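Numbering (the numbering used here), first residue to last: 47 to 331.
For each residue, glycine too, the CB sits at the ideal point set by N, CA and C.
Keep in mind it's a predicted model, so treat the numbers as computed, not measured.
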């Protein structure tokens, strides 16, 4: 993936497209991709203000890159590679294509990277964030990877820096957990999911010992029950099968036979064909 991104970055920057098989990733190209993949890891920060300046400058550059477009701006062309190869990644990952160890490492590492640099947020949100920073409303002074706590004496939540030379703590009245969890069947509050698990109609998906999340389905989206039997007339699609499948919650893209549309079409046509077959059978009698 890094070499694919470096190839597009290099060719876009030079406006010259070399034969892919002849491309050799240079140190400069690799460093450019490393900075895209993990920008914070490339810098050290002495204090809150230095990190805030980094975030501010990063947003300015990123917004400028976004307005350059994904055809002419090298950085955005490189990140778009991760969107273009998504179906190839699915082919490698779906239905336990990776070992349990690799599967866990991919979902905890690369999946988060892809979501951050190739999916969102849109440039308009970054423009708004930059404006709020410059207005003094939004602050990133706490730095990367802070620890969360609660001060009982003050009755306030705390965030404590972990990356500065001297620890730095800020206090807050309200904390919002602004994170969407992946679907974990055992923790679902859905009555239909809980009943399906209880009755054995459905089971959580596991890749060996690794619990990847989602319900267990086969390559066609049919539910697999607790006995390992495929239920031919029961389908599960979308975020609830994120585990056996990869990237099920992506929105359809123009001029692309998106996976979500394909899967829904297959299930719909199978159901309609089954109904049609029953009607024809009834008519023949």
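Can you name, in chain order, every residue of its own chain whose Cβ lies under 6 Å from the Cβ of residue i, other than the five neighbours on each side?
i: residue 300; result: none
i: residue 196; result: 203
i: residue 291; result: 140
i: residue 283; result: 267, 309
i: residue 183; result: none
i: residue 155; result: none
i: residue 242; result: 248
Can you have a look at residue i and say buried or exposed, based on whether 16 or more other CB atoms are within 10 angstroms of its CB?
i: residue 77; result: exposed
i: residue 251; result: buried
i: residue 225; result: exposed
i: residue 168; result: exposed
i: residue 305; result: buried
i: residue 121; result: buried
i: residue 126; result: buried
i: residue 54; result: buried
i: residue 223; result: exposed
i: residue 276; result: exposed
i: residue 255; result: exposed
i: residue 318; result: exposed
i: residue 79; result: buried
i: residue 399; result: With the chain running from 47 to 331 in the structure shown, residue 399 is simply not present.
i: residue 286; result: buried
i: residue 261; result: buried
i: residue 399; result: The structure shown does not extend to residue 399, since the chain spans only 47 to 331, so no value can be given for it.
Starting from residue i, follow its DSSP beta bridges and name the residues at the other end.
i: residue 281; result: 268
i: residue 250; result: 261
i: residue 256; result: 253
i: residue 217; result: 204
i: residue 291; result: 288
i: residue 276; result: 270
Suppose the cutoff is 7 Å on Cβ atoms and the five residues either side in sequence are ignored; what does the same chain contact list for residue i look like?
i: residue 49; result: 71
i: residue 160; result: 128
i: residue 104; result: 85
i: residue 147; result: none
i: residue 219; result: 202
Within the same chain, show all residues whose beta-carbon is closer than 8 Å to that of residue i, passing over the 5 residues directly before and after it, in chain order.
i: residue 217; result: 197, 200, 202, 203, 204
i: residue 173; result: 109
i: residue 95; result: 187
i: residue 313; result: 267, 281, 283
i: residue 123; result: 54, 55, 58, 116, 117
i: residue 273; result: 246
i: residue 191; result: 208, 209
i: residue 144; result: 138, 152, 253
Under the assumption that residue i contacts residue j (Cβ atoms under 8 Å), give the Cβ distance between them as a whole number of angstroms.
i: residue 136; j: residue 293; result: 6 Å
i: residue 239; j: residue 269; result: Not really, about 11 Å apart at Cβ, beyond 8 Å.
i: residue 211; j: residue 92; result: 6 Å
i: residue 90; j: residue 185; result: 20 Å between Cβ atoms; not a contact.
i: residue 258; j: residue 289; result: 4 Å
i: residue 82; j: residue 163; result: 6 Å
Can residue i be considered in contact with the ligand COA, in the sense that its beta carbon sits closer than 7 Å to one or more heavy atoms?
i: residue 286; result: Judged by which ligands are present, the structure shown has none, so any question about the ligand COA falls away.
Ranges of the beta strand (DSSP E) found wholly within the stretch 120-204, counting only runs of at least 3: 193-197
May I have a chain-ordered list of the alpha helix (DSSP H) segments no shorter than 4 residues that lie completely inside the stretch 51-119? 73-83, 94-118
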